[in-house]
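Residue numbers (my numbering): 458 to 586.
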Amino acid sequence: MKKVITYGTYDLLHSGHINLLRRAKELGDYLVVGLSTDEFNALKEKKAYHSYEDRKMILEAIRYVDEVIPEHNWEQKVQDVIDNEIDIFVMGDDWEGHFDFLKEYCEVVYLPRTAGISTTKIKKDLLQP
Ligand code: C2G
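Laid out in structure tokens, this is it:
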């Protein structure tokens with residue numbers, strides 16, 4: 458069984474997230490998502506609208522997602538890859554190069570982001586009169 462992992466905040470779920478999760482799952486048989494906790498989001502200087510529990514429940518309802526684990530910090534990825542016997546690490550290409558250190562442990566794939574959509578854009582657009 459080929460296992461894939463990806464990470465993110467996944468707040469205010471949108472088509473860019475789904476496109477990423479679908480393509481990540483297509484690379485293997487089992488997709489693990491490392492979901493940023495509310496505390497880690499604070500470290501990333503991100504404030505999610507939905508709580509970790511709600512974002513986890515929403516992700517678990519997506520057909521492409523097989524398991525959700527908490528992402529507490531930047532340092533846990535190597536251990537996650539080892540503990541979960543991961544074959545492929547996937548992220549959107551806005552992260553291109555940032556996680557190449559994982560190439561020692563698994564394949565590293567950066568997928569093209571979906572243009573024109575982001576949680577930040579949604580929040581901004583909703584403020585427009
Ligand atoms: N994404 C995408 N297209 C978009 C928006 C997001 O492909 N239009 C991808 C991102 O590249 C990322 C995933 O969707 O791979 C989740 O995006 P975020 O929730 O914004 O995640 P981020 O804050 O980038 O957290 O340790 C890694 C971090 O937790 C990544």
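Glycine residues also receive a C-beta, built at the ideal position from the N, C-alpha and C atoms.
These numbers were taken from a predicted model, which means no experiment stands behind them.
By the CB criterion at 7 Å, G473 and T571 fall inside the cutoff. Exclusion of H555 from the 6 Å shell around the ligand C2G follows from its C-beta lying no nearer than that to any non-hydrogen atom of the ligand. For K460, the uninterrupted beta strand (DSSP E) segment begins and ends at K460 to G465.
Counting along the chain, G473 sits inside the alpha helix (DSSP H) bounded by residues S472 to E483. Here L500 is not near Y521, since their CB atoms are 7 Å or more apart.
Beta-bridge pairing by DSSP links M548 to Y567.
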